[in-house]
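Taking UniProt numbering, the leading residue of the sequence shown gets 1, the next gets one more, and so forth.
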Amino acid sequence: MEKEQVGVKTPEFVSIQFQLAGLGSRMAAYMLDWLILGVMNVIIIIIPLILLIDGNPFYDDITSIVMAILIIALFVLNWGYFIFMEFYFGGKTIGKRVLGIRVIQDNGHSLTLLSSFIRNFMRIVDSLPAGYLTGLLMIFFHPKHKRVGDLVAGTMVVHERKAKRLGKLTPVEKEIQRRGLSKHDILVEEFSVRALNAQDWNLVRTYSSRLLQLPMEERHDLTKQVAEILFPKIGWDTKGKSTRELEDSLLVLYLNMKDEWEFEV
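See the structure below:
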């Protein structure tokens, strides 16, 4: 079951093959996440209890306040962990990242905040009648290994796609290496990169492959045009930047998007 494939055609008419994550990898990730949550819960509980030890001079004054904060903190942590992690980290909680799986929408796009909220809210149903039984049975028997939350939210869990391994560096990769650039040179938030789609990736890839082939004047014009299209989508400003700075930024963006979009199919 772990090797089942599903084909997705994105709204940009790009066909992508994903390897579905089965019951084994999903449960291992889920257990790891709850182990992490368990540790965090214990920490959150122990600290207030220390403050509430009888004999503390402020015991009477802080008891009700601390208990209220404790209840709220535990609620936010246990309900917000999966929603926050999946939305802000590309469909991956810590457990999913370790197991190499992620949540995506049925159309191949990254998870939205609404779909993350829905699929995690529906854990209430998946947990019935006890021990996450409904969710386990759904994942095992559904052809796309979907639990109830996935069906309602329109999501699925897949294995991370493997980047293409190239025997030789391409001209643009040699140029990136010559400039001493890396994907970490400019802060690119993962959720910002997820705002870009397959068309944006094709634009970045085409720009990067043609960059060194163009005469200098055309190269400068193309750089400005591409930057003006892409940078507003990820909150970058083009004002006051030289053409070389724009080029470097686009090449760094290429490196970041390559991890997401260039893969073996």
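Virtual Cβ for every residue (Gly too), placed ideally from N, Cα, C.
{"Asked": "Report the residue ranges of all alpha helix (DSSP H) runs contained in full by the UniProt domain \"RDD\" (20–154); include only those spanning at least 4 residues, in chain order.", "Found": "23–51, 59–88, 94–99, 113–121, 123–126, 133–141, 148–153"}
{"Asked": "Spatial neighbours of L70 within its chain, please: C-beta separation below 8 Å, excluding the five flanking residues on both sides.", "Found": "I44, I45, P48"}
{"Asked": "Exposed or buried, what is L212 when buried is set at 16 or more other beta-carbons lying within 10 Å of its beta-carbon?", "Found": "exposed"}
{"Asked": "Relative to the C-alpha of P171, which residue among S208, L99, M31 is closest?", "Found": "S208"}
{"Asked": "Give me the residue from G38, L35, M67, L37 with the minimum Cα distance to I50.", "Found": "M67"}
{"Asked": "Given this structure, state the Cα-to-Cα distance separating D150 from G235, to the nearest angstrom.", "Found": "31 Å"}
{"Asked": "List the endpoints of the continuous alpha helix (DSSP H) containing I229.", "Found": "216–230"}
{"Asked": "Using CA coordinates, which residue listed in Q17, G24, F18, I16 is at the minimum distance from F141?", "Found": "G24"}
{"Asked": "Should G108 go down as buried or exposed, given a rule of 16 or more other Cβ atoms within 10 Å for buried?", "Found": "buried"}
{"Asked": "Mark G91 as exposed unless 16 or more other C-beta atoms lie within 10 angstroms of its C-beta, in which case mark it buried.", "Found": "buried"}
{"Asked": "Note down the Cα distance separating K168 from V76, rounded to an integer number of angstroms.", "Found": "48 Å"}
{"Asked": "Going by the CB atoms, is the gap between V158 and Q19 shorter than 8 Å?", "Found": "yes"}
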